[in-house]
Amino acid sequence: MNWILLTEQALNGLQFGLMLFLLAAGLTLVFGIMDMINLAHGSLYMVGAYLAAATAQATGSFTLAVLAALGGTALFGMLLELTLLRRLYQRDHLSQVLATFALILICNEGVRMIWGEQPMMLNTPAALSGPVELLPGLFYPAYRLLIIAVGLGVAGLLYLLVTRTRIGMWVRAGASNRPMAMAMGVNTGRLFTLVFGFGAALCALAGSMLGPLLAVQVGMGESILILAFVVIVIGGIGSIRGALVGALLVGLVDTCSRALLPALLRQLASAEVASNLGPALASILIYVLMAAVLFWKPAGLFPARG
21 MNWILLTEQA LNGLQFGLML FLLAAGLTLV FGIMDMINLA HGSLYMVGAY LAAATAQATG
81 SFTLAVLAAL GGTALFGMLL ELTLLRRLYQ RDHLSQVLAT FALILICNEG VRMIWGEQPM
141 MLNTPAALSG PVELLPGLFY PAYRLLIIAV GLGVAGLLYL LVTRTRIGMW VRAGASNRPM
201 AMAMGVNTGR LFTLVFGFGA ALCALAGSML GPLLAVQVGM GESILILAFV VIVIGGIGSI
261 RGALVGALLV GLVDTCSRAL LPALLRQLAS AEVASNLGPA LASILIYVLM AAVLFWKPAG
321 LFPARG
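Residue numbering for the sequence shown follows the working numbering, beginning at 21 and increasing consecutively.
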């Protein structure tokens with residue numbers, strides 16, 4: 021274990037954390053402003069990845085694939101909000117969970133009908149397929165550096181949008197005190213639709229950027245949705261800053277523990293025990309992190325309310 025390995029895993033954790041942030045940002049806004057539990061948020065991530073893969077195969081352009089995924093998934097998300105999800109705002113959380121779980125099944129079967137059972141390929145752009153030498157002896161994939169740059173750029177734009185614009189003021193007001201925002205004349209119906217479409221576009225961006233690294237397949241949104249919920253619980257519901265900090269913590273803990281724990285355990289146990297125990301402990305650590313944060317701050321690190 022040397023500094024090159026540690027730096028590579030830190031960069032991998034940063035890259036994964038920033039993609040988690042794209043999912044968690046939209047999810048925490050929907051949860052914080054609309055007080056709605058949307059289990060189908062991961063399905064929007066899947067739809068975005070499939071739209072990107074299909075467009076890339078048809079056009080050969082990764083840029084067009086990402087743009088098509090953003091536009092198509094945003095429209096799909098706003099259509100869902102207008103036709104179905106809007107009816108759930110006044111229902112209890114159990115009804116929301118059941119309805120959005122049904123949406124997961126519908127989206128999975130819809131993807132199977134359109135694109136089939138087999139995973140789709142989304143190739144890395146040829147210009148970014150090689151490594152870049154960051155420091156003497158430290159080579160890192162150029163495409164992962166692009167993901168980090170895109171994630172940091174989106175985080176910066178989100179910060180400016182939420183803190184420096186009138187729409188951002190409405191979003192913060194809705195997340196902090198929705199009844200008062202409505203009393204002050206905020207058009208909550210239009211705001212909810214825009215926020216949901218924006219959150220869907222962020223999901224599509226994460227799906228299209230992670231597509232070349234992960235398999236574009238049916239059900240790919242369910243596992244990452246769990247991590248997105250962990251992120252917003254750690255960061256604080258309704259808080260963009262909390263979503264960013266929580267995503268980076270989860271990404272670094274998950275990635276570094278999976279890479280480093282087996283090596284550390286080999287110092288204490290046999291190679292067989294270390295190889296079996298390491299991944300299991302790594303999977304548990306993010307939930308230990310969540311429990312520790314909630315013990316220290318029950319509302320999360322940066323709650324929007326209070």
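Quick reminder that beta carbons are idealized off the backbone N, C-alpha and C, glycines included.
| Item | Value |
| --- | --- |
| Let me check understanding here. Comparing Cα to Cα, which of Cys223, Gln287 and Ala312 lies closest to Gly328? | Residue coverage of the chain in this structure runs from 21 to 326, which leaves residue 328 outside it and unanswerable. |
| Run the CB neighbour count on Gln116, radius 10 Å, all protein chains shown included, and call it buried at 16 or more, exposed below. | buried |
| Is the Cβ-Cβ distance between Gly298 and Leu272 less than 7 Å? | no |
| Taking only the alpha-carbon atoms, compute the straight-line gap between Gly37 and Ile53 and give it to the nearest angstrom. | 23 Å |
| So, is Ala169 buried or exposed, given that buried needs 16 or more other C-beta atoms within 10 angstroms? | exposed |
| Around the Cβ of Val215, are there at least 16 other Cβ atoms within 10 angstroms (buried) or fewer (exposed)? | buried |
| Three Cβ pairs or more, each shorter than 8 Å: is that satisfied between the stretch 117-133 and the stretch 141-154? | no |
| Quick check on Thr120: buried or exposed, where buried means 16 or more other Cβ atoms within 10 Å of its Cβ? | buried |
| Alpha carbon to alpha carbon, what distance is there between Phe218 and Tyr70? | 18 Å |
| Report yes or no: do three or more beta-carbon pairs, one from the stretch 171-190 and one from the stretch 106-115, lie closer than 8 Å? | no |
| Using 7 Å as the threshold, is the C-beta distance between Ala45 and Ala263 below it? | yes |
| Could you check whether the stretch 289-307 touches the stretch 60-80, counting it as contact only if at least three pairs of C-beta atoms, one from each stretch, sit closer than 8 Å? | no |
| Can you give, in chain order, each stretch of the alpha helix (DSSP H) that sits fully within the stretch 167-232 and has at least 4 residues? | 186-196, 198-203 and 208-230 |
| Residues in its own chain within less than 6 Å of Gly88 by CB, not counting five upstream and five downstream? | Going by the sequence as given, residue 88 is Ala instead of Gly. Hits under 6 Å: Leu71 and Thr75. |
| Leaving out five residues on either side along the sequence, give the residues of the same chain with a beta carbon under 8 Å from the beta carbon of Phe212. | Ile53, Met54, Glu101, Arg106 and Tyr109 |
| For the alpha helix (DSSP H) holding Pro161, just list the boundary residues, first then last. | Looking at the DSSP string, Pro161 is not in any alpha helix (DSSP H); the run it does join, the beta strand (DSSP E), is Leu158 to Pro161. |
| Can you list, in chain order, the residues of its chain with a C-beta nearer than 6 Å to that of Cys276? Leave out the 5 residues immediately preceding and following it. | Gln29 and Gly33 |
| What is the C-beta distance between Met310 and Ile246, in whole angstroms, given that I count them as a contact (C-beta under 8 Å)? | Not a contact, Cβ separation roughly 11 Å. |
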